[in-house]
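Below is one structure, written out as structure tokens, with a few remarks after it.
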């Protein structure tokens, strides 16, 4: 084993631990900020649509992406049901289900790490590499992540919009 391989083997668990720690913080109680929800909706929708445009000529890869998005939307709806919503004097807060969000994100990160290790292991190989979008597991994982987090963002926007309507209806009319 060369020094680079040993360094990767030592640093990979540290990288995974740091990613997990950051995800754990992201799945804690958060202030609901409309711009953040709009950004999440746009970003994760684009995360599914951009590869989909590249996959128009590859129906099987497009199918895997679509299945992933459908599964992600299903998990997102389930996640919204498990989310705790709070309205306080300080503002609006929500606490997503940490286990579900971390699980979905870590599955995708594990897939990205696998692709990275594969690229590293085969860097001097003469065998041709598959395109990133040719792998069904990658497209499935990408679709699940995009569908889940886009659905969560859309659900939070819907929750805030319903609160605004209720506040407007309760406000005295002049």
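In the numbering used here, the protein residues as written are 46 to 219. Glycine included, each C-beta is placed from N, C-alpha and C at the ideal position.
{"Query": "Helix, strand or coil for residue 174 per DSSP?", "Result": "coil"}
{"Query": "Between the region 195-211 and the region 114-121, do at least 3 Cβ pairs fall closer than 8 Å?", "Result": "yes"}
{"Query": "May I ask which residues mark the beginning and end of the alpha helix (DSSP H) holding residue 212?", "Result": "181-215"}
{"Query": "For residue 128, name the three-state secondary structure that DSSP assigns.", "Result": "coil"}
{"Query": "Could you pull the start and end residues of the beta strand (DSSP E) that residue 136 belongs to?", "Result": "136-140"}
{"Query": "Which word fits residue 96, buried or exposed, when buried means at least 16 other C-beta atoms lie within 10 angstroms of its C-beta?", "Result": "buried"}
{"Query": "Tell me the DSSP secondary structure of residue 156 in three-state form.", "Result": "helix"}
{"Query": "Which residue's Cα is closest to the Cα of residue 88: 215, 188, 207, 208?", "Result": "188"}
{"Query": "If you reduce the DSSP assignment to three classes, tell me which class residue 74 lands in.", "Result": "coil"}
{"Query": "Rounded to whole angstroms, how far is the Cβ of residue 86 from the Cβ of residue 202, which I believe are closer than 8 Å?", "Result": "7 Å"}
{"Query": "Less than 7 Å between C-beta atoms, sequence neighbours within five positions excluded: which residues of the same chain meet that for residue 182?", "Result": "156"}
{"Query": "Thinking residue 91 and residue 110 are a contact (beta carbons under 8 Å), I'd like their distance in whole angstroms, please.", "Result": "Actually they are not in contact, since the Cβ atoms of residue 91 and residue 110 sit about 13 Å apart, beyond 8 Å."}
{"Query": "For residue 103, collect the residues of the same chain with a Cβ closer than 8 Å to its Cβ; drop the 5 residues on either side in sequence, then sort them by chain order.", "Result": "178, 179"}
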